[in-house]
Amino acid sequence: MQSGRWRDPAEGNGIIWASARRLQYISRLPWKTPPRAPLARPVTVAGPPRTLHSYSVAVSRADKMVFANASGPHAEAYTGQVVFGYPEGVTVVDLVPENIRHMIHPHWNNYPPVNPMWHYVLGCIYIILGCLSFFGNGLVILLYLKNKFLRTPSNQLVLNLAISDFLMLMTQFPFFTYNCFSGGVWMFSETFCELYAFFGAITGIASIWTLSFISYDRYNVIVKGVSGTPLTSGRATAFVLFAWIYAIAWSLPPFFGWGKYIPEGILDSCSFDYLTRDDNLRSYGISIFVFDFCVPLFTIVFSYISIVKAIFAHEAAMREQAKKMNVSNLRSNQEAQAQSAEVRIAKVACTNVALWVVCWTPYAAIVVQGLFFNQGPITPLVTMLPALLAKSSACYNPMVYAINHPKFRLALQKQMPWFCIHENTETASSKSAETKSVESKEEKEEAA
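Read in our numbering, the sequence shown has 564 at position 101, and its numbers run on one by one without any break.
Here is the structure:
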């Protein structure tokens, strides 16, 4: 065969374009594809006809070779007839294996394959998130188990948050990254897709509700004070059990006909169906949005706003008292430190609310858009970025709710001195009382 000649796939078996980097197989298509400049010398290889899936993946990889080829990009490969090396008319759905193609929502037939670069970028990001979650949440779990003074009712909630976040990425990122580096689509079975979405739903909902209980606990202690109901070990255990039972209860219905788990976005991950607008699937999506986003959001925002209002009201009352007594400052040095602590509490509260909203609101907005409004803006990449933000919460939670806490830092210094953390016992106790009086309140109750 003449070097560089394009061959109609209908004439026979496929062609392998040999390059300096690798051999790429371009298989036969059921339609005639436009000519494409060869990447190097073509070599014919006998073999059975190939599927569209193998062709698409091969062309995707061949497209990447164009950028790396020392001979420079071929203009013929970047005409209006191809997108990132794919023939005209190929959609992201065409890349999916036949055994799960029936699960794909028709909405994704409207979009061509994304630039292969995005698969590698997302895969690398998920590897980083997975490692951060593994070490961050794993460290919180280890410190809690090895230090008895950390085993308070409030820290039971922090431990549960670490467990749910740990499981969230440990059950998600290995499969996602494998798909990203193995063709950019879901490479496993239909059952694995459903299980992937199922465990993602359980861990996500459990994490959200644990954060709600943590915010309620802080509200109960700081705002209500002595009039509030103390958090005992039994109540904390009840909160933990409720979070997991509630999460499982909302994650199981798609297996029994209410809702459905399907591939989403660039089709290398799975979630519940928020695009189909029949009564069954829409009612499930609305319920998830209301009871697993809106209710926790209201709880978290109300709790932390109440905390901030209580702090500033206390400050205003103290200033007014100082004016009445005609003194410039009513506080001692210790009280001045407490005032500084109250400002820190307000900052922490605002940070907690902001991080939660930033991580979970974009995905909730995608769900609402898919259920009620124009679905056109919901492109494969637009869908993946909110999902990425939601998963990132598993990385910052251990820092915000545990490792940044003085008592956890003291335990970390004790267990891992090579971390170069300097936290003495008196400072830890003082800061702990300043930032959140939960532990001190529990100690008083136990002493009584």
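We treat Cβ as the ideally placed atom computed from N, Cα and C, and that holds for glycine.
- Ser617 and Tyr574 have their C-alpha atoms roughly 48 Å apart.
- When DSSP assignments are scanned along the stretch 703-754, the uninterrupted stretches of beta strand (DSSP E) that are 3 or more residues long and fall wholly within it turn out to be 724-727, 732-735.
- With a cutoff of 8 Å on beta-carbon distance, Tyr607 and Leu622 are scored as near each other.
- Contact annotation: Gly667 and Ala853 have beta-carbon atoms nearer than 8 Å.
- For Thr846, the CB contacts under 7 Å within the same chain, skipping 5 residues up- and downstream, are Glu727, Gly728, Ile829 in chain order.
- In its chain, beyond the 5 residues on either side, Thr634 have a beta carbon closer than 6 Å to the beta carbon of Phe662.
- Taking the Cα of Leu658 as reference, the smallest distance to any Cα among Thr640, Gly586, Lys877, Ser714 is reached at Ser714.
- In this structure, DSSP gives Ser652 a state outside helix and strand, which the three-state scheme calls coil.
- Here Met862 has no same chain residue with a Cβ atom under 6 Å from its own Cβ, once five neighbours each way along the sequence are excluded.
- The C-alpha of Phe705 lies about 26 Å from the C-alpha of Asn867.
- Of all C-beta pairs linking the stretch 758-768 to the stretch 670-682, three or more are shorter than 8 Å, placing the two stretches in contact.
- In the DSSP annotation of this structure, the continuous segment of the alpha helix (DSSP H) that includes Pro843 starts and ends at 843-861.
- Taking C-alpha positions only, Ile677 is separated from Leu620 by approximately 7 Å.
- Between Tyr737 and Gly748 a beta carbon distance of about 5 Å is seen, short of the 8 Å cut, so the two are scored as contacting.
- Here the C-alpha atom of Leu605 lies approximately 15 Å from the C-alpha atom of Leu630.
- When the beta-carbon positions are compared, Ala827 and Phe754 stay at least 8 Å from each other.
- When the alpha-carbon of Gln878 is set against those of Gly697, Ile563, Leu602, Val556, the nearest one is in Leu602.
- Judged by DSSP in its simplified three-state form, Arg681 adopts helix.
- The Cβ neighbour count for Lys870, taken over all protein chains shown within 10 Å, is at least 16; the residue is labelled buried.
- At least 8 Å separates the beta-carbon of Val577 from that of Ile567.
- According to the DSSP assignment, Cys587 belongs to the alpha helix (DSSP H) that extends over 579-609.
- Under a 10 Å Cβ-count criterion, Gly839 is classified as exposed, with fewer than 16 other Cβ atoms of the shown protein chains found around its own Cβ.
- In the three-state reduction of the DSSP assignment, Ser645 falls in the coil class, being assigned neither a helical nor a strand state.
- In this structure, Asp680 is the residue among Val689, Tyr709, Asp680 with its C-alpha nearest to the C-alpha of Arg698.
- The DSSP-derived three-state label of Thr700 is helix.
- Taking all protein chains in view, the Cβ of Ala817 is surrounded by fewer than 16 other Cβ atoms within 10 Å, so the residue is classified as exposed.
- Assigned with DSSP and collapsed to three states, Gln878 falls in helix.
- Residue range 616-633 is occupied by the alpha helix (DSSP H) that includes Phe629.
- Residue burial annotation: Thr640 is buried, with at least 16 other C-beta atoms found within 10 angstroms of its C-beta.
- When the Cα atoms are used, Thr695 and Lys723 turn out to be separated by approximately 39 Å.
- When rounded, the separation of the alpha-carbon atoms in Cys822 and Ser627 is 16 Å.
- Rounded to the nearest whole angstrom, the C-alpha separation of Cys858 and Tyr864 is 11 Å.
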